[in-house]
Amino acid sequence: MGITLLELEFLIARRAAGLEFGSVCQLGRQDMFVRPHRLRRVFAKHGAAITSGQAEQLSRGGGGYAENLLRALGASDVQAVDASAFEGADLVLDLNQPLPADMHERFDTVIDGGTIEHVFSFPTAIANAMQLVRQGGTYIAMTPAGGELGHGFY
866 MGITLLELEF LIARRAAGLE FGSVCQLGRQ DMFVRPHRLR RVFAKHGAAI TSGQAEQLSR
926 GGGGYAENLL RALGASDVQA VDASAFEGAD LVLDLNQPLP ADMHERFDTV IDGGTIEHVF
986 SFPTAIANAM QLVRQGGTYI AMTPAGGELG HGFY
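Numbering (the numbering used here), first residue to last: 866 to 1019.
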């Protein structure tokens, strides 16, 4: 699960089109798979030049996870939901089970970069993802395959 060059292009294009990320929830903590020189190229392509140091921080800072990138795109807060705290998730929740009511409409943007296809109860998982989003918010699903079909999909 994570941000590759394609997901980066998509997220930057969404920002350029007016998406205000606001408070962000990642379904699964997203890894960064974009090298600094490519980050610079993509940001420059979209009219937002960054320095080599900034690109390095976005790519490798924060333990190699995507929080720094999401903040650079305008997120005011970034949290991650996962089934365990193994990768440093802020919120430990089983997406196979209905969410507690206090989790409903909690985030402006929910990003699924390759988690939901690993959850056994897809109808419950997608309902949970949508319930995390505030009214008027955005749910972004970027489910990768990359030749790895069968790596845990339900």
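Cβ atoms here follow ideal geometry from the backbone N, Cα and C, with glycine treated the same way. Remember, it's a predicted structure, so these values are computed and weren't measured experimentally.
Self-check item: Classification of Phe972 by the beta-carbon crowding that lies within 10 angstroms, buried from 16 upward
Solution: Position 107 of the sequence shown, counting from 1, holds the residue named residue 972. Result: buried.
Practice problem: Would you kindly check if the distance between the Cβ of Asp947 and the Cβ of Gly867 is under 7 Å? | Solution: Taking the sequence shown and counting its residues from 1, the one referred to as residue 867 is at position 2. Taking the sequence shown and counting its residues from 1, the one referred to as residue 947 is at position 82. Cβ distance not < 7 Å, so Gly867 and Asp947 don't count as in contact.
Self-check item: Beta-ladder partner(s) of Gln944, from DSSP
Solution: Sequence index remark: in the sequence shown, residue 944 carries index 79 (1-based). DSSP lists Cys890 as partners of Gln944.
Self-check item: Per-residue DSSP class, three states only, for Val984
Solution: Walking along the sequence shown from the start, residue 984 turns up at place 119. Of the three classes helix, strand and coil, the one that applies to Val984 here is coil, per DSSP.
Self-check item: Test item: CB-CB of Ala992 and Leu960 under 7 Å
Solution: Here residue 992 refers to the residue found at position 127 of the sequence shown. Here residue 960 refers to the residue found at position 95 of the sequence shown. Contact: no.
Quiz item: Can you list, in chain order, the residues of its chain whose CB lies under 7 Å from that of Gln1000, leaving out five sequence neighbours each side?
Solution: The count along the sequence shown starts at 1 and reaches residue 1000 at position 135. Contacts found: Glu970.
Quiz item: Is the distance from the Cβ of Ala909 to the Cβ of Leu923 below 7 Å?
Solution: Within the sequence shown, the letter at position 44 stands for residue 909. Within the sequence shown, the letter at position 58 stands for residue 923. Annotated as distal: Ala909 and Leu923, with beta-carbon spacing of 7 Å or more.
Quiz item: Taking the alpha carbon of Val899 as the point to measure from, which residue in Val889, Leu871 and Ile915 has its own alpha carbon closest?
Solution: Here residue 899 refers to the residue found at position 34 when the sequence shown is read from its first residue. Looking at the Cα atoms, Leu871 is the closest of the given residues.
Quiz item: What residues match up with Ile976 in a beta bridge as DSSP calls it?
Solution: Counted from its first residue, the sequence shown places residue 976 at position 111. BP columns for Ile976 point to Gln891 and Ile1005.
Quiz item: In terms of DSSP beta bridges, what is Met897 paired with?
Solution: Within the sequence shown, the letter at position 32 stands for residue 897. According to DSSP, which records beta bridges pairwise, Met897 is partnered with Ile868.
Practice problem: Could you tell me which of Gly978, Asp955, Leu904 and Arg905 sits nearest to Asp942, measuring between CA atoms? | Solution: One-based indexing of the sequence shown puts residue 942 at position 77. Closest option to Asp942, Cα to Cα, is Asp955.
Quiz prompt | Cut-off 8 Å between Cβ atoms - residues of its own chain near Ser949, not counting five sequence neighbours on either side | solution = Position 84 of the sequence shown holds residue 949. Correct list, in chain order: Val957.
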